[in-house]
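Residue numbers (the numbering used here): 507 to 975.
Worksheet: one structure, shown below.
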Amino acid sequence: VTVAAAVAAALPVAVAVTVPIAVAVTVPTAVAATAAVAIAVTVAVTIAVAVAVAVAVAVVMPGTNLIVPVVLWGKHAPTHCVSSVYLSRDQKTLVTGCYDGQICIWQVDPDSLKMTPRCLLVGHTAPVTCLSRASIIQDNNFIVSSSEAGEMCTWDLVDGKCRESVKLSQIHTNIQAYHMCNSEDLRLFCNGYYAEILIMDPFSLEILFSLSSKMNPDWISALHVLRPSSRKDDVVLAISITGTVKVWSLLGHENKQSEPIYENESKQIRCLNALSLNCCAYNQRTVLIVCAKYCQIYDAGDFSVLCSIQAPSGERWMSGDFLAPDRVLVYSTEGKGYLYKLPANKLRGRAIISSVPDHKGFHGPTVDHDSPVLFGILAHPDNKLLSCPPAMRFVITSVGGKQRRLLLRGDSAGVVSVWNVDDAAVPTPNQMSSHAPIVMTSLDIAWEDMNPSPVGILDQLNHPEEQGT
């Protein structure tokens, strides 16, 4: 495809070619076009796995410089090996990024969670590794995407336009959107294959400032930003790939002209190549750090290990989060979620909603019954093998003032699955339960449900014997 721009193709019959400086024009035939100034667009044919999936033809309107791109989808859905997944807080939009750089926007029914693919965004040249919201305003329909090539884009989810794009030398592996004190809107806290933490504006994609390290500078493998209940400043807690935990305090007036911002505290712990770090939102005194072979609960005060959970045989942990002060959800590369109850003796003498590390027995010697107890598994009933690890994400949504906790999964077959974590979050005494997804869909399923099915002009390549007819 020879297009010097980002492309958003509505599924299954319309397309919009957009660049950050262009204005989309709607034409009567339901095809959105863009005046792409001084950009030569030739006839483009998109073929996936040697089978014609879609044909994109750029038509130059007579007597004008207006280029009208038209997409005709074939009867086979495009491949979509999911590498990242995102769900908006209002449960109306789901976004999946894939390994070939495409991004699919799904329209979601907030009540049933039924998903319908609506738009395919083509702008990245490498796997999409990060997807993040761009604004604290719930009705703000923008997201930010990042790829393994260092590309970042801000997308309008309504019309599929790429509002801003930039290519950085830094490659992100994680982006956390956070509303800082003294800031009108969200800031993006980014970490990855570089030694700093970058704080970026989600709309201009400008680097506002960065956090540096004095002690043992190395790549930051995971971070978490929070505002302690007893303080007015923001705290960034991060861990490097070599296991150095670092803490930065932010007052809200940091900018590019500021002096280098170094960590306030640091401590070496025995935790290499951490994949995720999450503070408990219910007491802010415990921290969950997930590595491939084990995950550990730490006391945020002195970073001593409270308990540890080994990955199931043949599986590797991906990430996890707290469901309550005494319960965690951890998910693996096999696409399964595991729910654990933390050791009961750690909670003796305290209400569960309190800061359990304050209990005098919290740091006591470990005994057999100190191990976390598995009480639930979130998995597909067929347990189908995957060709590569799925993308998974734990999200908290809010619809009609009611919060909902969901686990999302997008796999190598392009199947998107959703579990209702609330249904599984309460342990059943002396029983381990298994839970299937409440919703499953894919582009293939969406194509099969269309009647009549899309007919592309190259579909005859699928049946050479019919070429003469």
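By construction, the Cβ of each residue, glycine as well, lies at the ideal position given by its N, Cα and C atoms.
Nothing here was measured: the structure is a model prediction, and the numbers come from that model.
Span of the beta strand (DSSP E) around residue i
i	result
W953	Looking at the DSSP string, W953 is not in any beta strand (DSSP E); the run it does join, the alpha helix (DSSP H), is 949–955.
V932	V932 -> no beta strand (DSSP E), and no H or E assigned at all.
Q816	811–816
W661	657–662
Q763	Premise fails: Q763 is in no beta strand (DSSP E) and is neither H nor E.
E670	668–673
K752	750–756
Q608	608–614
H685	No beta strand (DSSP E) holds H685; DSSP gives it neither H nor E.
F737	In the sequence on display, residue 737 carries Arg and not Phe. Careful: R737 lies outside any beta strand (DSSP E) and carries neither H nor E.
P575	573–579
S631	The sequence shown places Thr at residue 631, not Ser. First-last for T631: undefined, no H or E at that position.
C604	599–604
G820	Premise fails: G820 is in no beta strand (DSSP E) and is neither H nor E.
G807	Where G807 is concerned, there is no enclosing beta strand (DSSP E), given that its DSSP letter is neither H nor E.
Same chain, Cβ closer than 6 Å to residue i, neighbours up to 5 away in sequence not counted
i	result
R733	D740
E840	E821
A806	R791, V793
N647	L663, V664
Helix, strand or coil at residue i according to DSSP, with G and I counted as helix
i	result
A558	Below a pLDDT of 50, predicted positions are generally treated as unreliable, and A558, at 33, falls in that range; no measurement from the model is reported.
S959	coil
C797	coil
F709	coil
R776	coil
M721	coil
F868	Residue confidence is low: F868 scores 48 on pLDDT, short of 50, so the model does not pin down where it sits. Its coordinate-derived value is still stated next. In this structure, F868 counts as coil in the three-state DSSP scheme.
M938	coil
H586	coil
E702	coil
R595	coil
C785	strand
Q802	strand
I745	strand
G826	strand
T548	The predicted position of T548 is uncertain, since its pLDDT is 27 and thus under 50; no value can be drawn from it.
S641	coil
Nearest neighbour of residue i, chosen from the options [CA to CA]
i	options	result
H685	A798, T599, G758, L781	G758
S918	A942, D724, T947	T947
Q802	I902, G820, K738, D876	D876
D808	S772, Y700, V961	S772
K847	T748, P933, G920	P933
N957	C636, C696, S838, K581	K581
S782	S825, A830, G920	S825
L717	S764, V672, L892	S764
L829	S641, T660, E690, L912	L912
N936	L891, V879, A930	V879
W925	V672, L845, E954	L845
S939	D950, L674, V927	V927
C659	D645, I642, H678	H678
I649	G656, R595, Q676	R595
F695	S810, G666, K598, V731	V731
I726	L593, A744, R737	A744
S746	M721, S735, E760	M721
I902	V576, Q597, H586, L578	Q597
T750	M621, I795, G907	I795
R624	R737, H586, V664, G882	V664
L637	L619, C610, D617	C610
F881	G962, I681, V834	V834
G607	L626, D615, S618, V614	L626
Q644	L593, Q676, W612, V628	L593
A798	N697, W579, N779, L812	N779
A930	M621, W661, L884	L884
P633	T622, R639, K620, S652	S652
I767	I775, W754, C777	W754
H941	L949, R899, C894, N889	N889
S959	L572, N680, R639, L578	L578
R776	L729, V811, S675	V811
Beta-carbon proximity list for residue i, same chain, < 7 Å, skipping 5 on both sides
i	result
G916	V588, V591, T602, P896, A897, V922
T535	Only weak support exists for where T535 lies, its pLDDT of 28 falling under 50; the value from the coordinates is given anyway. Within the same chain, T535 has no close Cβ partners at all.
E712	M706
P723	A701
P818	S838
A787	F828
L892	G841, D917, S918
I815	Y800, C801, V836, Y846, P878
E654	A632, P633, T635, I677
V905	D596, Q597, P616
8 Å Cβ shell around residue i - same chain, five flanking residues per side excluded
i	result
E954	none
R988	An answer regarding residue 988 cannot be provided, because it is not within the stretch 507 to 975 covered by the chain.
Chain C within 8 Å of residue i, Cβ atoms only
i	result
L845	Going by chain labels, chain C is absent from the structure shown, which holds only one protein chain.
Worksheet item: Which full runs of the alpha helix (DSSP H) of 4+ residues lie inside the region 872–930, going along the chain?
Response: 927–930
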